[in-house]
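J.:
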Amino acid sequence: MLAIIIMVSVLDGSFIFNVNLLWWMLGVLIGFLFVFFDRFIYYAILKPDETLSLKIKELFGQRKVIGGFRLLLMERYDQKELAMRSALFVVVWIVLAFFTATSVLDYLPRGFVLGIGIHIFFDLIYDYLMDKERLDLWFWQIKRTLEPEEKKWFVILSSMIFLVLAFRL
1 MLAIIIMVSV LDGSFIFNVN LLWWMLGVLI GFLFVFFDRF IYYAILKPDE
51 TLSLKIKELF GQRKVIGGFR LLLMERYDQK ELAMRSALFV VVWIVLAFFT
101 ATSVLDYLPR GFVLGIGIHI FFDLIYDYLM DKERLDLWFW QIKRTLEPEE
151 KKWFVILSSM IFLVLAFRL
């Protein structure tokens, strides 16, 4: 995604390499990695008494941080109610990205918001195309069952809005 955004700016003649580009890329990287902390919060705060949560706490307690993160990533399909992987958070991100694109001039926070969006929308689109069962988990905060057509339009419209905002960030 970053390569596409940079390539478009090169092709339209607006690309300038300077330190701000590095700050922007650092923000994108931090934002992309920030979404992984959702998994940590799930086990540390939301489900602290689960077996896997206790195992992860034990690994972090023994200062085996890499092993703890590896276990978090390996068991990602057991996490059902992640706050950042929900339709409600997608809407919140769209509002945040709109205000960031129109009001924030600093490159680091703009990149941070874009990094969060890239991670979330890649996960959303992957789940829509490859794993319909995981796509249902994006709507866990909605108290009714959505029809497949509603989910499809949510993914399409939110992805289109993401693309427009991504090129503004």
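Quick note on the working numbering: the sequence shown kicks off at 1 and runs consecutively.
Glycine is no exception: its CB is placed at the ideal position from the N, C-alpha and C atoms.
Every value quoted in this text rests on a predicted model; they were computed, and no experiment measured them.
#1: Can I6 be considered in contact with the ligand FMN, in the sense that its beta carbon sits closer than 8 Å to one or more heavy atoms?
#2: If I41 sits next to G115, beta carbons under 8 Å apart, how far is it from one beta carbon to the other, in whole angstroms?
#3: Does the stretch 17-26 come into contact with the stretch 103-112, if we say contact requires no fewer than three beta-carbon pairs (one atom in each stretch) closer than 8 Å?
#4: Which of the three DSSP states is assigned to E134 in this structure?
#5: Can you tell me the Cβ-Cβ gap for F162 and G117, rounded? I've got them flagged as a contact below 8 Å.
#6: Could you compute how far the alpha carbon of W140 sits from the alpha carbon of I120?
#7: Can you give me the start and stop residues for the alpha helix (DSSP H) that A166 sits inside?
#8: Buried or exposed for S86, going by 16 or more other Cβ atoms inside 10 Å?
#9: Report yes if the CB atom of K151 is closer than 9 Å to the CB atom of L129, and no otherwise.
#10: Check G27 in the structure and name its three-state DSSP category.
#11: Between D131 and W138, which are expected to be in contact by the criterion C-beta below 8 Å, what is the C-beta distance as a whole number of angstroms?
#12: Nearest to I94 by alpha carbon, out of V10, S9, I6 and L165?
T.: Walking through what the data contain:
#1: The ligand FMN is absent from the structure shown, which contains no ligands of any kind.
#2: The C-beta distance from I41 to G115 rounds to 18 Å, too long to meet the 8 Å contact threshold.
#3: Touching, yes.
#4: Per the sequence presented here, residue 134 reads as Arg, with Glu not at that position. Three-state DSSP puts R134 in a helix.
#5: Contact between F162 and G117 holds, since their C-beta atoms are separated by about 6 Å, short of 8 Å.
#6: Going by the C-alpha atoms only, they are around 16 Å apart.
#7: Run containing A166: P148 to A166, per the alpha helix (DSSP H) assignment.
#8: With 16 or more other Cβ atoms within 10 Å, it is buried.
#9: Cβ distance not < 9 Å, so K151 and L129 don't count as in contact.
#10: Three-state result, G27: helix.
#11: About 11 Å separates the beta carbons of D131 and W138, which is beyond the 8 Å limit, so they are not a contact pair.
#12: With distances taken between Cα atoms, I94 lies closest to L165.
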